[in-house]
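Worksheet for the structure shown next.
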Amino acid sequence: MFKKNLVAASILAATSLLLTGGCAATNTGKVDYSKMTPEALAEYLTLESGSFDLDQPTQEGTTARSRVVQDDLQKACSLKKGQELDDQTRAKIMADAAASIKYPAGGFKLGDWKRGRELAWSGFGFRLGNNPDNHKTREVGANCYNCHQIATDRTGGTLGTVLTGYGKLRGNSEDMLKYTYEVIYNPHTYYACTIMPRSGTKNILSQKDILDIMAYLFDPNSPVNK
Amino acid sequence: MFKRTLSSLSAALVAFGASSVYSAQLPEEVMEELIAKNPDSTYLVQSPQNLMMMPDNPAWDSVEAGEKLFRQPRGPKNASLEKCDFGKGPGVLEGAYVELPRYFADAGKVMDIQARLEYCMKTLQGFTDQDPAIKVKHGHTADTTVLQAYIASKSNGMPWNPPLNHPMEKLMRDTGEVMFYRRSGNMDFNCAACHSQTGQRIRASVLPGVSDPADWSKAISWPAYRFSHEATRSSSHRLYDCYWQMRYPNVTAGSDASIAVISFWTDAARGQPAILPDLKR
Numbered sequence: 001m002f003k004k005n006l007v008a009a010s011i012l013a014a015t016s017l018l019l020t021g022g023c024a025a026t027n028t029g030k031v032d033y034s035k036m037t038p039e040a041l042a043e044y045l046t047l048e049s050g051s052f053d054l055d056q057p058t059q060e061g062t063t064a065r066s067r068v069v070q071d072d073l074q075k076a077c078s079l080k081k082g083q084e085l086d087d088q089t090r091a092k093i094m095a096d097a098a099a100s101i102k103y104p105a106g107g108f109k110l111g112d113w114k115r116g117r118e119l120a121w122s123g124f125g126f127r128l129g130n131n132p133d134n135h136k137t138r139e140v141g142a143n144c145y146n147c148h149q150i151a152t153d154r155t156g157g158t159l160g161t162v163l164t165g166y167g168k169l170r171g172n173s174e175d176m177l178k179y180t181y182e183v184i185y186n187p188h189t190y191y192a193c194t195i196m197p198r199s200g201t202k203n204i205l206s207q208k209d210i211l212d213i214m215a216y217l218f219d220p221n222s223p224v225n226k
Numbered sequence: 227m228f229k230r231t232l233s234s235l236s237a238a239l240v241a242f243g244a245s246s247v248y249s250a251q252l253p254e255e256v257m258e259e260l261i262a263k264n265p266d267s268t269y270l271v272q273s274p275q276n277l278m279m280m281p282d283n284p285a286w287d288s289v290e291a292g293e294k295l296f297r298q299p300r301g302p303k304n305a306s307l308e309k310c311d312f313g314k315g316p317g318v319l320e321g322a323y324v325e326l327p328r329y330f331a332d333a334g335k336v337m338d339i340q341a342r343l344e345y346c347m348k349t350l351q352g353f354t355d356q357d358p359a360i361k362v363k364h365g366h367t368a369d370t371t372v373l374q375a376y377i378a379s380k381s382n383g384m385p386w387n388p389p390l391n392h393p394m395e396k397l398m399r400d401t402g403e404v405m406f407y408r409r410s411g412n413m414d415f416n417c418a419a420c421h422s423q424t425g426q427r428i429r430a431s432v433l434p435g436v437s438d439p440a441d442w443s444k445a446i447s448w449p450a451y452r453f454s455h456e457a458t459r460s461s462s463h464r465l466y467d468c469y470w471q472m473r474y475p476n477v478t479a480g481s482d483a484s485i486a487v488i489s490f491w492t493d494a495a496r497g498q499p500a501i502l503p504d505l506k507r
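Chains as they are written, first to last, in the working numbering: chain A, 1 to 226; chain B, 227 to 507.
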């Protein structure tokens with residue numbers, strides 16, 4: 001038992017935790033919280049305290065623990081209210097994001113806008129808990145409408161920019177197609193620490209999915225441009 | 227039915243010159259007042275239908291069931307929960323809920339309502355983690371859900387006021403803040419992605435922002451009956467649901483992670499009136 005706590009503590013050591021032998025003012029009776037910084041305790045509560053069910057299998061074949069271990073971008077972008085990115089970190093985030101993008105071998109050939117429309121609408125996929133999404137029964141969606149107004153026939157969210165008339169307003173130059181592909185694949189290429197998901201880099205959408213969604217945004221026949 | 231009982235009760239309180247001004251109010255009155263004070267909040271005014279239905283809020287059934295359960299001798303020790311101390315003394319429920327989470331010396335830790343209930347169910351009634359009374363943490367008729375509905379109803383209209391005097395209370399609140407901004411998962415979400423600005427929308431749902439105490443007060447007013455779930459839900463369930471949307475692992479109600487986030491979110495509504503029980507989409 002104590003050994004297990006030491007393993008946990010070693011993870012936290014990096015964030016200047018001093019674990020003492022005593023157990024005054026614990027919150028679980030196992031580990032002394034009182035010597036921890038809020039940052040160290042947040043890591044402990046998330047990864048070691050048993051508060052989350054980290055053993056549940058995920059759709060991507062890992063266990064749920066992998067969902068809450070942060071990567072570099074997630075760490076850098078966990079900014080509290082009032083905290084800002086410094087220029088150096090911003091530049092690194094954008095460069096790393098750009099480097100993560102894999103381009104379609106056949107160029108930006110717009111796909112099927114009808115399928116793109118459904119993908120843009122659907123928020124299905126990757127949810128766990130008591131009601132886990134079964135990817136065998138339904139396709140993973142792209143969540144775009146959660147945050148964006150796109151065509152006007154469905155109600156979109158307001159967390160993202162309005163994308164109505166996207167292709168009509170911006171044209172479909174190679175640069176515009178490339179920009180859009182990159183934003184969907186990894187938006188931190190342009191918008192460091194944006195809340196928009198990295199759908200390509202994090203394997204939420206395939207290249208084909210992205211080209212179908214792009215067709216929805218660019219195709220003159222798509223409701224987005226009507 | 228309930229409205230009648232409550233108003234006659236409040237009339238009685240006025241007649242006896244009872245100290246609490248808050249108990250004279252119904253949740254819908256608290257909500258109306260909050261809207262009147264914040265007329266520009268798109269979040270607060272989003273559902274006139276909900277407001278209209280509050281007098282018939284099915285959560286009152288949970289309050290009633292909770293009161294019965296609270297008074298009923300149960301468990302291996304055949305005791306009721308009437309001696310449970312929610313922070314204001316054994317059995318004192320008035321205003322206890324808006325002052326949680328707090329540090330409890332007997333347990334040596336910060337507890338929210340879920341954790342405190344489980345603690346009393348174990349120590350006073352003799353239940354264990356394996357008993358359905360404690361094991362079943364969510365559901366319209368779950369013991370802890372209805373008990374929370376009852377206890378929370380005794381804080382209706384009172385300002386959220388979680389204590390931060392004990393270092394552990396402060397630590398749990400600050401830790402909850404870190405967790406609120408901690409990004410991870412396939413979609414890189416933190417709570418702030420959807421709740422940093424008030425009045426934004428996810429599709430048609432208007433989102434409350436954590437920096438707007440009036441909106442946030444309504445946001446954290448749980449237990450509430452959720453139409454979309456056809457069930458009364460607790461704060462811990464709301465947290466579970468947002469973590470589910472974030473593609474995180476299941477968070478356990480009453481766990482320290484849950485208590486930390488709830489410590490932060492209650493502090494963020496400080497001073498604003500609680501609407502209990504509430505009615506939500």
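For every residue, glycine included, the Cβ atom is placed at its ideal position computed from N, Cα and C.
*Spell out whether any CB of chain B is found under 7 Å from the CB atom of N146 (chain A).*
As a first step, residue 146 (chain A) is located in the first sequence; it is residue number 146 there, counting from the start. Interface residue, yes.
*Can you grab the Cα-Cα spacing for the pair S510 (chain B) / T371 (chain B), in whole Å?*
The question about residue 510 (chain B) has no answer here: the residues shown for chain B are numbered 227 through 507.
*Which residues, taken in chain order from the region 28-43 of chain A, show a beta carbon closer than 8 Å to some beta carbon of chain B?*
T28, G29, Y33, S34, M36, P38, E39, L41, A42
*Just the Cα atoms here: how many angstroms apart are A97 (chain A) and R409 (chain B)?*
Here the question's residue 97 (chain A) lines up with position 97 in the first sequence. Here the question's residue 409 (chain B) lines up with position 183 in the second sequence. Taking the straight line from one Cα to the other gives about 16 Å.
_Does the CB of R138 (chain A) have a neighbour CB from chain B at under 7 Å?_
Position 138 of the first sequence, counted from the first residue, corresponds to residue 138 (chain A). No, its Cβ sits nowhere closer than 7 Å to a Cβ of chain B.
*asked:* Tell me the rounded alpha-carbon separation between F415 (chain B) and P302 (chain B).
replied: For the purposes of this step, residue 415 (chain B) is identified with residue 189 of the second sequence, where counting begins at 1. For the purposes of this step, residue 302 (chain B) is identified with residue 76 of the second sequence, where counting begins at 1. Spanning the two alpha carbons is a distance of roughly 44 Å.
_Taking beta-carbon pairs under 8 Å, can you tell me which members of the region 467-488 of chain B lie near chain A?_
Y469, W470, Q471, R473, Y474, P475, N476, V477, T478, S481, D482, A483, S484, I485, A486
_Can you look up K506 (chain B) in the DSSP assignment and give me helix, strand or coil?_
As a first step, residue 506 (chain B) must be located in the second sequence, where it is residue number 280. Strand.
*Does the beta-carbon of L319 (chain B) have 16 or more other beta-carbons within 10 angstroms, so that it is buried, or is it exposed?*
The sequence position of residue 319 (chain B) within the second sequence is 93, counting from 1. So L319 (chain B) ends up on the buried side.
*Distance CB(R198 (chain A))-CB(P475 (chain B)) smaller than 7 Å*: Taking the first sequence and counting its residues from 1, the one referred to as residue 198 (chain A) is at position 198. Taking the second sequence and counting its residues from 1, the one referred to as residue 475 (chain B) is at position 249. Cβ atoms of R198 (chain A) and P475 (chain B): not closer than 7 Å.
*asked:* Whole angstroms are fine: how far does the CA of S489 (chain B) sit from the CA of D227 (chain A)?
replied: Only positions 1 to 226 of chain A appear in the structure, and residue 227 (chain A) is not among them; the question remains open.
*Proximal residues of chain A, C-beta to C-beta of V404 (chain B) below 7 Å*: In the second sequence, counting from the first residue as 1, residue 404 (chain B) sits at position 178. By Cβ distance, chain A contributes P38, E39, A42.
*Is the Cβ of R228 (chain A) closer than 7 Å to any Cβ of chain B?*
Shown here, chain A extends from 1 to 226; a query on residue 228 (chain A) therefore has no answer.
*asked:* Please identify, using Cβ separations under 8 Å, the residues of the region 389-401 of chain B that lie next to chain A, in order along the chain.
replied: P393, M394, L397, M398, D400, T401
*Through-space distance from S379 (chain B) to T189 (chain A), alpha-carbon basis*: The residue given as residue 189 (chain A) occupies position 189 in the first sequence. The residue given as residue 379 (chain B) occupies position 153 in the second sequence. Roughly 49 Å separates the two Cα atoms.
*Of all the residues that make up the region 77-97 of chain A, which are near chain B by a beta-carbon distance shorter than 8 Å?*
C77, S78, L79, K80, K81
*Name the chain B residues whose beta carbon is nearer than 9 Å to that of A120 (chain A)?*
Here the question's residue 120 (chain A) lines up with position 120 in the first sequence. Per Cβ cutoff of 9 Å: no residues; A120 (chain A) is ~12 Å from chain B at best.
_Tell me the residue span of the alpha helix (DSSP H) that contains V487 (chain B)._
The residue you call residue 487 (chain B) lines up with position 261 of the second sequence. Start and end: 482-493.
*asked:* Looking only at its chain, what residues have a beta carbon closer than 7 Å to the beta carbon of P57 (chain A), apart from the 5 residues adjacent to it on each side?
replied: Numbered from its first residue, the first sequence carries residue 57 (chain A) at position 57. Here the set comprises T63.
*Residue ranges of each alpha helix (DSSP H) within the region 279-320 of chain B, 4 or longer*: 285-297
*Among B:K506, B:R507, B:L505, B:C417, which has the Cα closest to the Cα of L465 (chain B)?*
Here the question's residue 465 (chain B) lines up with position 239 in the second sequence. The residue with the shortest Cα to Cα distance from L465 (chain B) is B:C417.
*Can you tell which of A:Q59, A:D55, A:S78 has its C-alpha closest to the C-alpha of E43 (chain A)?*
Mapped onto the first sequence, residue 43 (chain A) falls at position 43. Per the Cα distances, A:S78.
*Of all Cβ atoms in chain B, is any one closer than 7 Å to the Cβ of I210 (chain A)?*
For the purposes of this step, residue 210 (chain A) is taken as the residue at position 210 of the first sequence. Chain B contact via Cβ: absent.
*Run through DSSP, which three-state label would A64 (chain A) get?*
Within the first sequence, residue 64 (chain A) is the residue found at index 64, counting from 1. Note: A64 (chain A) maps to coil in three-state DSSP.
*Looking at C-alpha atoms only, which residue of B:G402, B:D493, B:N412 is the closest neighbour of S481 (chain B)?*
If you number the second sequence from 1, residue 481 (chain B) lands on position 255. Per the Cα distances, B:G402.
*Can at least three beta-carbon pairs, one atom from the region 108-118 of chain A and one from the region 208-225 of chain A, be found at a separation below 8 Å?*
yes
*Between E228 (chain A) and the rest of its own chain, which residues show a CB-CB distance below 8 Å, the 5 nearest in sequence each way excluded?*
Residue coverage of chain A in this structure runs from 1 to 226, which leaves residue 228 (chain A) outside it and unanswerable.
*Count the CB pairs spanning the region 439-459 of chain B and the region 254-269 of chain B that are closer than 8 Å, and state whether there are at least three.*
yes
*asked:* Please classify A359 (chain B) as buried or exposed, where buried requires at least 16 neighbouring CB atoms within 10 angstroms.
replied: Your numbering for residue 359 (chain B) matches position 133 in the second sequence. So A359 (chain B) counts as buried.
*Are the region 380-389 of chain B and the region 320-330 of chain B touching by the rule of at least three beta carbon pairs closer than 8 Å?*
yes
_Please state the DSSP three-state secondary structure of Y191 (chain A)._
Along the first sequence, one-based indexing puts residue 191 (chain A) at 191. The answer is coil: DSSP assigns Y191 (chain A) none of H, G, I, E or B.
*Going along the chain, which residues of the region 423-437 of chain B sit with their C-beta nearer than 7 Å to a C-beta in chain A?*
Q426, R427, I428, R429, A430, S437
*Would P449 (chain B) pass as a contact of V256 (chain B) if the rule is Cβ separation under 7 Å?*
To locate residue 449 (chain B), count along the second sequence from 1; it is residue 223. To locate residue 256 (chain B), count along the second sequence from 1; it is residue 30. Not in contact: P449 (chain B) and V256 (chain B) (Cβ atoms no closer than 7 Å).
*At which residues does the beta strand (DSSP E) containing Y329 (chain B) begin and terminate?*
Start at 1 with the first residue of the second sequence, and residue 329 (chain B) comes out as number 103. Start and end: 328-330.
*In chain order, what residues of the region 290-310 of chain B put their CB closer than 7 Å to some CB of chain A?*
none
_Pairwise C-alpha distance: W113 (chain A) and K226 (chain A)_ = Start at 1 with the first residue of the first sequence, and residue 226 (chain A) comes out as number 226. Start at 1 with the first residue of the first sequence, and residue 113 (chain A) comes out as number 113. Spanning the two alpha carbons is a distance of roughly 13 Å.
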